[in-house]
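See structure below.
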Amino acid sequence: MSVAIELKGNNSVREAGNPGRIIIVRHGRPSLSRDQVLTADEYMGWWRQYDASGLAEGERPPDRLVELARDSHHIYSSTLRRAQETAQHLAPGRDVKTDRLFVEVPLPKPPVPMMRCGPTHWGWISRTFWSLGYSPDSEGVIDAFKRANQASDRLIDTATAGGNVLVCAHGFFNWMVSVTLRNKGWRPVYNDGYTYWSWREFEKI
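First residue of the sequence shown: -17, per my numbering; consecutive thereafter.
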């Protein structure tokens, strides 16, 4: 169960000329099942399928998130299908700008050949190795933070030009973008955690 944290009134009024809000959304629940036990090799195959999958049948966004999308002047999405379908659910018929800049940080193959576990546990293991600098043939920590910095710059530039901006992306990369936004003087005014369909709202201090 996610616990939403209201850090400031959602309906606070900004003075004219101030930047819009930045709203960072995690995608809805994907169609690929996590109910399986895999080796490290099999997990990497599962991850490739996950990146190619869309949302599960019957997924519906929270009403409040639909309202936020309707009130946003600009909507972005990563190029991965689950993020694009999330944006389509939130803003049907709207112009959505897709960009690889917002894709999830890739996971390396966990160097644990004899182990078997579910995809969620493999994700934790793989991300732990990645955080310790293990990223052969893939984007490492430094490059991922550079990309997150570029992503936050894109969102800040858009919000500063006028109107709220909403981006549909991915759990771990959203966290990295949130860190860079805070470092640039944007404060979180709403935090819905990290579950599917969760979101965070930022305002310029």
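From the three backbone atoms N, C-alpha and C, an ideal C-beta is built for every residue, glycine too.
Tell me the DSSP secondary structure of residue i in three-state form.
i: R42; result: coil
i: G(-9); result: Its pLDDT being 40, under 50, G(-9) is placed unreliably in this model, and the value from its coordinates should be taken loosely. Note: G(-9) maps to coil in three-state DSSP.
i: L195; result: The displayed coordinates of the chain run from -17 to 187. Any statement about residue 195 would go beyond what the structure contains.
i: M(-17); result: For M(-17), the predicted model reports a pLDDT of 39, less than 50, meaning its position is unreliable and no value from the coordinates is stated.
i: R(-4); result: Reliability fails at R(-4), whose pLDDT of 45 lies under 50, so the model's placement of it is uncertain and no value is given.
i: V87; result: coil
i: H103; result: helix
i: V94; result: coil
i: R109; result: helix
i: I187; result: coil
i: R182; result: strand
i: R118; result: Note on residue identity: the sequence assigns Pro, not Arg, to residue 118. The answer is coil: DSSP assigns P118 none of H, G, I, E or B.
i: R8; result: strand
Under 8 Å by Cβ, that's how I've got residue i and residue j pegged, so tell me the actual separation to the nearest angstrom.
i: H181; j: D174; result: Just to set this straight, residue 181 is Trp in the shown sequence, not His. Yes, W181 and D174 are in contact; Cβ-Cβ is about 5 Å, under 8 Å.
i: H71; j: V147; result: Actually they are not in contact, since the Cβ atoms of H71 and V147 sit about 18 Å apart, beyond 8 Å.
i: A130; j: T162; result: 5 Å
i: S35; j: L14; result: 4 Å
i: G10; j: Y178; result: 5 Å
i: I138; j: K166; result: 7 Å
Can the beta-carbon of residue i be found less than 9 Å from the beta-carbon of residue j?
i: A38; j: I57; result: no
i: P92; j: I107; result: yes
i: D45; j: T61; result: no
i: P88; j: E41; result: no
i: L83; j: R136; result: yes
i: F12; j: Y25; result: Looking at the sequence shown, residue 12 is not Phe but Pro. No, the Cβ-Cβ distance between P12 and Y25 is not below 9 Å.
i: S134; j: V159; result: yes
i: N156; j: R64; result: no
i: R52; j: E183; result: no
i: P43; j: E185; result: no
i: A22; j: W104; result: yes
4-residue-minimum alpha helix (DSSP H) runs that sit fully inside the region 122 to 180, ordered along the chain: Runs of the alpha helix (DSSP H) inside the region 122 to 180: 123 to 143, 153 to 165.
Can you confirm whether the region 152 to 159 touches the region 96 to 104 when touching is taken to mean that 3 or more C-beta pairs between the two stretches lie within less than 8 Å? No: the two stretches stay apart, fewer than three of their Cβ pairs being nearer than 8 Å.
Identify every run of the beta strand (DSSP E) within the region 16 to 81, keeping only runs that are complete inside it and at least 3 residues long; order them along the chain. As far as the region 16 to 81 is concerned, its whole beta strand (DSSP E) runs of at least 3 residues are 56 to 59.
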